[in-house]
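Numbering (full-length UniProt numbering), first residue to last: 1 to 126.
Structure representation (C-alpha cells):
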C-alpha cells in the first residue's frame with residue numbers, strides 16, 4: 001500500500017507540474033494577445049482624439065463662417081451690384097485677386113460638410 005501511495009503521489013505531482021506549465025504557457029500566450037490588442041486600442045484612441053480635435057476645429061470654422069454670413073445684411077450678400085459703403089463691387093469668380101488662404105481652407109472644409117452638420121452648427125451644437 002505504501003508503494004501505491006508513493007507512486008500515486010509521484011504521478012499527481014508530475015501531472016500537477018505539467019498542468020502548471022501548461023497554464024503558464026496559456027497565460028503567456030493570452031497575455032501577448034491582450035498586450036497587442038491593448039496597443040491597437042491605444043493607437044485607435046489616439047487617432048480618435050486627433051480626429052475629434054480636427055472636427056472641433058472644422059466645426060468652429062463653420063460656425064465662424066455662418067456667424068459672419070448672418071452678420072452681413074441680406075442685401076449685401078445677395079446683390080452683385082456696387083457696394084455703396086465702399087464703392088466697390090464684390091469679387092467675381094473670374095477676377096484675378098489673390099485667394100485668401102484662410103477662406104480657401106474654410107471653403108474646402110465646409111464644402112465637405114453635410115446638410116445635417118450645417119444644421120447642427122446653426123443650432124449651435126458643436
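Glycine included, each C-beta is placed from N, C-alpha and C at the ideal position.
By the Cβ-count criterion, residue 62 is buried, with 16 or more other Cβ atoms from all chains shown falling within 10 Å of its own Cβ. One alpha carbon belongs to residue 36, the other to residue 50, and they sit about 21 Å apart.
Residue state for residue 72 is assigned as coil, using DSSP reduced to three classes. By the Cβ-count criterion, residue 58 is buried, with 16 or more other Cβ atoms from all chains shown falling within 10 Å of its own Cβ. In the structure shown, the three-state DSSP call for residue 1 is coil.
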